[in-house]
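One structure below.
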Amino acid sequence: MRLTHLGHACLLVETGDRRILIDPGNFSAGFEDLRDLDAILVTHNHPDHFDPERVPGLIRANPRASVHVDALTAEKLGGEGLSVTPTHRGEDFAIGDVRVAPVGEQHACNHPKTPQIPNVGYVLRTDGEPTLFHPGDAYDAEPGPVDILAHPLNAPWCASRDSIEFVSRIAPRFFVPIHDALLSDRGKRMYAGHIENFADVDTLTLRYLGDGESDTF
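Start counting the sequence shown at 1; every next residue gets the next number (the UniProt record's numbering).
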(Lines of atoms letter the chains of each structure in order from A and count residues from 1; the text may use other names and numbers.)
(Lines give C-alpha, C1' and ligand atoms only; values in the text may rest on other atoms or scores of the structure.)
Protein backbone atom coordinates (compact mmCIF):
# COMPACT_ATOMS: atom_id res chain seq x y z
CA MET A 1 0.00 0.00 0.00
CA ARG A 2 1.25 3.43 -0.96
CA LEU A 3 -0.15 6.59 0.65
CA THR A 4 0.25 10.14 -0.59
CA HIS A 5 -0.81 12.96 1.71
CA LEU A 6 -2.26 15.75 -0.43
CA GLY A 7 -2.71 18.07 2.52
CA HIS A 8 -5.04 18.13 5.51
CA ALA A 9 -7.41 15.11 5.38
CA CYS A 10 -6.84 14.13 1.73
CA LEU A 11 -5.10 10.85 0.95
CA LEU A 12 -4.39 9.11 -2.34
CA VAL A 13 -4.37 5.37 -1.56
CA GLU A 14 -2.78 2.95 -4.03
CA THR A 15 -3.61 -0.62 -3.05
CA GLY A 16 -4.65 -3.78 -4.89
CA ASP A 17 -3.81 -2.11 -8.22
CA ARG A 18 -6.46 0.54 -7.45
CA ARG A 19 -6.14 4.29 -6.98
CA ILE A 20 -8.55 5.62 -4.39
CA LEU A 21 -8.83 9.25 -3.30
CA ILE A 22 -10.26 10.08 0.13
CA ASP A 23 -11.58 13.49 1.30
CA PRO A 24 -10.51 16.01 -1.35
CA GLY A 25 -11.17 19.25 0.55
CA ASN A 26 -10.41 22.93 0.22
CA PHE A 27 -7.29 22.78 2.43
CA SER A 28 -5.77 20.17 0.11
CA ALA A 29 -3.80 20.73 -3.11
CA GLY A 30 -3.13 18.86 -6.32
CA PHE A 31 -5.99 16.38 -6.26
CA GLU A 32 -7.85 18.19 -9.04
CA ASP A 33 -5.11 17.12 -11.48
CA LEU A 34 -5.41 13.40 -10.68
CA ARG A 35 -6.56 11.07 -13.45
CA ASP A 36 -7.19 7.32 -13.74
CA LEU A 37 -8.78 7.17 -10.30
CA ASP A 38 -10.80 4.06 -9.53
CA ALA A 39 -12.81 5.62 -6.71
CA ILE A 40 -13.42 8.83 -4.79
CA LEU A 41 -14.56 8.58 -1.16
CA VAL A 42 -15.88 11.41 1.03
CA THR A 43 -16.45 11.02 4.77
CA HIS A 44 -18.66 14.10 5.32
CA ASN A 45 -19.90 17.37 3.92
CA HIS A 46 -17.54 19.93 5.40
CA PRO A 47 -15.48 21.91 2.86
CA ASP A 48 -12.13 20.81 4.30
CA HIS A 49 -13.13 17.24 3.30
CA PHE A 50 -15.31 17.96 0.27
CA ASP A 51 -14.45 21.00 -1.86
CA PRO A 52 -17.68 21.89 -3.69
CA GLU A 53 -15.75 24.02 -6.17
CA ARG A 54 -13.24 21.41 -7.36
CA VAL A 55 -14.71 17.97 -6.67
CA PRO A 56 -17.44 18.01 -9.36
CA GLY A 57 -14.77 18.72 -11.99
CA LEU A 58 -12.59 15.97 -10.56
CA ILE A 59 -15.44 13.48 -10.87
CA ARG A 60 -16.13 14.48 -14.47
CA ALA A 61 -12.41 14.13 -15.30
CA ASN A 62 -12.41 10.57 -13.88
CA PRO A 63 -15.46 8.96 -15.51
CA ARG A 64 -14.38 5.41 -14.53
CA ALA A 65 -14.21 6.27 -10.84
CA SER A 66 -17.01 5.16 -8.56
CA VAL A 67 -18.00 7.85 -6.06
CA HIS A 68 -18.99 6.86 -2.53
CA VAL A 69 -19.98 9.65 -0.15
CA ASP A 70 -21.99 10.37 2.99
CA ALA A 71 -25.71 11.03 2.55
CA LEU A 72 -25.47 14.82 2.75
CA THR A 73 -22.70 15.04 0.16
CA ALA A 74 -24.69 12.67 -2.07
CA GLU A 75 -27.52 15.23 -2.07
CA LYS A 76 -25.14 18.04 -3.04
CA LEU A 77 -23.54 16.08 -5.89
CA GLY A 78 -26.89 14.79 -7.08
CA GLY A 79 -27.87 18.42 -7.57
CA GLU A 80 -24.88 18.72 -9.93
CA GLY A 81 -26.28 15.87 -12.04
CA LEU A 82 -23.52 13.49 -10.96
CA SER A 83 -24.03 9.81 -10.21
CA VAL A 84 -22.84 8.92 -6.69
CA THR A 85 -23.52 6.21 -4.12
CA PRO A 86 -24.51 7.23 -0.59
CA THR A 87 -22.62 5.23 2.02
CA HIS A 88 -23.87 4.08 5.39
CA ARG A 89 -22.37 2.08 8.24
CA GLY A 90 -22.55 -1.65 7.58
CA GLU A 91 -23.13 -1.35 3.81
CA ASP A 92 -19.81 -2.70 2.56
CA PHE A 93 -18.75 -2.42 -1.07
CA ALA A 94 -15.81 -3.36 -3.30
CA ILE A 95 -13.50 -1.42 -5.58
CA GLY A 96 -11.92 -4.19 -7.59
CA ASP A 97 -10.02 -6.33 -5.07
CA VAL A 98 -10.30 -3.65 -2.38
CA ARG A 99 -13.02 -4.27 0.17
CA VAL A 100 -14.38 -1.12 1.80
CA ALA A 101 -16.30 -1.10 5.08
CA PRO A 102 -18.10 2.14 6.00
CA VAL A 103 -17.97 2.62 9.79
CA GLY A 104 -19.30 5.24 12.17
CA GLU A 105 -22.29 7.49 11.70
CA GLN A 106 -21.91 11.04 12.99
CA HIS A 107 -19.43 13.90 13.01
CA ALA A 108 -17.87 14.61 16.40
CA CYS A 109 -19.39 17.51 18.34
CA ASN A 110 -17.71 20.86 17.70
CA HIS A 111 -20.08 22.83 19.92
CA PRO A 112 -23.69 22.39 21.07
CA LYS A 113 -24.75 25.20 18.72
CA THR A 114 -23.13 23.54 15.70
CA PRO A 115 -25.39 20.98 13.97
CA GLN A 116 -23.91 17.49 13.78
CA ILE A 117 -23.91 15.94 10.33
CA PRO A 118 -23.35 12.42 8.97
CA ASN A 119 -19.75 11.18 8.99
CA VAL A 120 -18.76 7.81 7.56
CA GLY A 121 -15.25 6.48 8.09
CA TYR A 122 -13.75 3.98 5.66
CA VAL A 123 -11.76 0.80 6.31
CA LEU A 124 -9.89 -0.46 3.23
CA ARG A 125 -8.83 -4.10 3.12
CA THR A 126 -6.92 -5.92 0.37
CA ASP A 127 -5.54 -9.45 0.63
CA GLY A 128 -1.81 -9.39 1.28
CA GLU A 129 -1.69 -5.66 2.04
CA PRO A 130 -2.12 -3.55 5.17
CA THR A 131 -5.55 -2.42 6.35
CA LEU A 132 -6.18 1.34 6.35
CA PHE A 133 -8.74 3.24 8.44
CA HIS A 134 -9.65 6.86 7.59
CA PRO A 135 -12.18 8.00 10.22
CA GLY A 136 -13.08 11.41 8.84
CA ASP A 137 -13.99 13.68 11.75
CA ALA A 138 -15.16 11.24 14.39
CA TYR A 139 -14.05 8.79 17.04
CA ASP A 140 -17.31 6.82 17.11
CA ALA A 141 -16.37 3.94 14.81
CA GLU A 142 -15.38 0.36 15.64
CA PRO A 143 -13.23 -0.58 12.63
CA GLY A 144 -11.82 -3.89 13.89
CA PRO A 145 -8.11 -4.71 13.51
CA VAL A 146 -6.25 -1.93 11.71
CA ASP A 147 -2.68 -1.74 10.44
CA ILE A 148 -2.65 1.94 9.45
CA LEU A 149 -4.68 4.67 11.10
CA ALA A 150 -4.97 8.00 9.28
CA HIS A 151 -5.36 10.00 12.44
CA PRO A 152 -7.04 13.45 12.73
CA LEU A 153 -4.33 15.40 14.53
CA ASN A 154 -6.08 18.70 15.23
CA ALA A 155 -9.62 20.08 14.94
CA PRO A 156 -12.16 22.23 16.83
CA TRP A 157 -13.75 18.99 18.08
CA CYS A 158 -10.49 17.29 19.03
CA ALA A 159 -8.66 17.41 22.39
CA SER A 160 -5.24 15.83 22.73
CA ARG A 161 -6.42 13.52 25.54
CA ASP A 162 -9.24 12.20 23.32
CA SER A 163 -6.87 11.79 20.40
CA ILE A 164 -4.48 9.71 22.47
CA GLU A 165 -7.33 7.60 23.85
CA PHE A 166 -8.63 6.96 20.31
CA VAL A 167 -5.25 5.76 19.03
CA SER A 168 -4.89 3.59 22.13
CA ARG A 169 -8.29 1.99 21.49
CA ILE A 170 -7.70 1.36 17.76
CA ALA A 171 -4.12 0.15 18.44
CA PRO A 172 -2.77 0.34 14.86
CA ARG A 173 0.72 -0.67 13.78
CA PHE A 174 1.24 2.72 12.11
CA PHE A 175 -0.38 6.08 12.54
CA VAL A 176 -0.22 8.69 9.80
CA PRO A 177 -1.22 12.18 11.00
CA ILE A 178 -3.82 13.98 8.89
CA HIS A 179 -6.26 16.85 9.46
CA ASP A 180 -3.34 19.11 10.32
CA ALA A 181 -3.73 22.22 8.13
CA LEU A 182 -4.35 24.49 11.14
CA LEU A 183 -1.00 23.59 12.74
CA SER A 184 2.55 24.79 12.19
CA ASP A 185 5.10 22.11 11.34
CA ARG A 186 6.40 22.29 14.91
CA GLY A 187 2.86 21.92 16.25
CA LYS A 188 2.19 18.90 14.05
CA ARG A 189 5.26 17.11 15.34
CA MET A 190 4.43 18.00 18.95
CA TYR A 191 0.90 16.56 18.75
CA ALA A 192 2.12 13.47 16.87
CA GLY A 193 4.88 12.97 19.44
CA HIS A 194 2.37 13.08 22.30
CA ILE A 195 0.37 10.32 20.62
CA GLU A 196 3.42 8.20 19.90
CA ASN A 197 4.69 8.53 23.48
CA PHE A 198 1.46 8.28 25.47
CA ALA A 199 -0.90 5.97 23.56
CA ASP A 200 0.73 2.88 25.16
CA VAL A 201 0.60 0.82 21.97
CA ASP A 202 3.79 -1.23 21.92
CA THR A 203 3.80 -1.77 18.15
CA LEU A 204 2.87 1.82 17.23
CA THR A 205 5.08 3.57 14.67
CA LEU A 206 4.66 7.17 13.53
CA ARG A 207 4.89 7.76 9.79
CA TYR A 208 4.76 11.52 9.30
CA LEU A 209 3.91 12.66 5.75
CA GLY A 210 4.22 16.30 4.79
CA ASP A 211 1.99 17.78 2.13
CA GLY A 212 2.60 15.98 -1.16
CA GLU A 213 4.78 13.30 0.42
CA SER A 214 4.31 9.54 -0.11
CA ASP A 215 5.31 6.37 1.74
CA THR A 216 4.88 2.66 1.20
CA PHE A 217 3.63 0.28 3.91
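Yeah, the Cβ is synthetic: ideal placement off N, Cα and C, and Gly gets one too. Please read these numbers as outputs of a predicted model, since none were measured by experiment.
When you compare each of R173, V201 and P152 to K188 by their alpha carbons, which one comes out closest? Taking only the C-alpha atoms, the option nearest K188 is P152.
Tell me the DSSP bridge mates of residue 259? Beyond the ends of the chain as shown, which are 1 and 217, falls residue 259; an answer cannot be given.
Local Cβ density within 10 Å of M1, reported as buried at 16 or more and exposed below that: By the Cβ-count criterion, M1 is buried, with 16 or more other Cβ atoms from all chains shown falling within 10 Å of its own Cβ.
Since G57 contacts E32 with CB under 8 angstroms, what's their CB separation in whole angstroms? At roughly 7 angstroms, the Cβ-Cβ gap stays under 8 angstroms, so G57 and E32 are in contact.
Rounded to whole angstroms, what's the CA-CA distance from N45 to G128? Just pull it up for me. Between N45 and G128, the C-alpha separation is close to 32 angstroms.
Between the Cα of R60 and the Cα atoms of P47, H49, A71 and D38, which residue gives the shortest distance? The shortest Cα separation from R60 among P47, H49, A71 and D38 belongs to D38.
Option nearest R173 by Cα separation, candidates G144, V55, S28 and L12: R173 has its Cα closest to that of G144, out of G144, V55, S28 and L12.
Proximity winner among V69, A65 and R64, relative to H49 (alpha-carbon distances): Comparing Cα-Cα distances from H49 to each of V69, A65 and R64, the minimum goes to V69.
Element boundaries [beta strand (DSSP E), containing D185]: Per DSSP, D185 belongs to no beta strand (DSSP E); it is in the alpha helix (DSSP H), D185 to F198.
What does a CB cutoff of less than 6 angstroms around L77 pick up in its chain, not counting 5 residues either side in sequence? For L77, where only same-chain residues beyond five positions count, the Cβ hits under 6 angstroms are V84.
Does DSSP put E75 in a helix, a strand or coil? In the structure shown, E75 sits in a helix (DSSP, three-state: H, G or I).
For D140 versus E105, is the C-beta distance shorter than 9 angstroms? With respect to the 9 angstroms criterion, D140 and E105 are classified as neighbours on the basis of their beta carbons.
Suppose you measure from the CA of A138 to the CA of L41; what does that come to, to the nearest Å? If you draw a straight line from the Cα of A138 to the Cα of L41, it comes to about 16 angstroms.
Would you list the one or two residues that DSSP bridges to E91? For E91, which the question treats as bridged, DSSP gives no partner whatsoever.
If you scan the stretch 152-183 from start to end, which runs of the alpha helix (DSSP H) of 4 or more residues do you find wholly inside it? As far as the stretch 152-183 is concerned, its whole alpha helix (DSSP H) runs of at least 4 residues are 160-170.
H134 - partner residues in DSSP beta bridges: Beta-bridge pairing links H134 to Y122.
So V146 and T131 are in contact, right, with Cβ under 8 angstroms, and what is the actual spacing, rounded? Contact flag correct, Cβ pair sits at about 5 angstroms.
Strictly by DSSP, which residues pair up with residue 218? In this structure the chain extends from 1 to 217, so residue 218 is not present and cannot be described.
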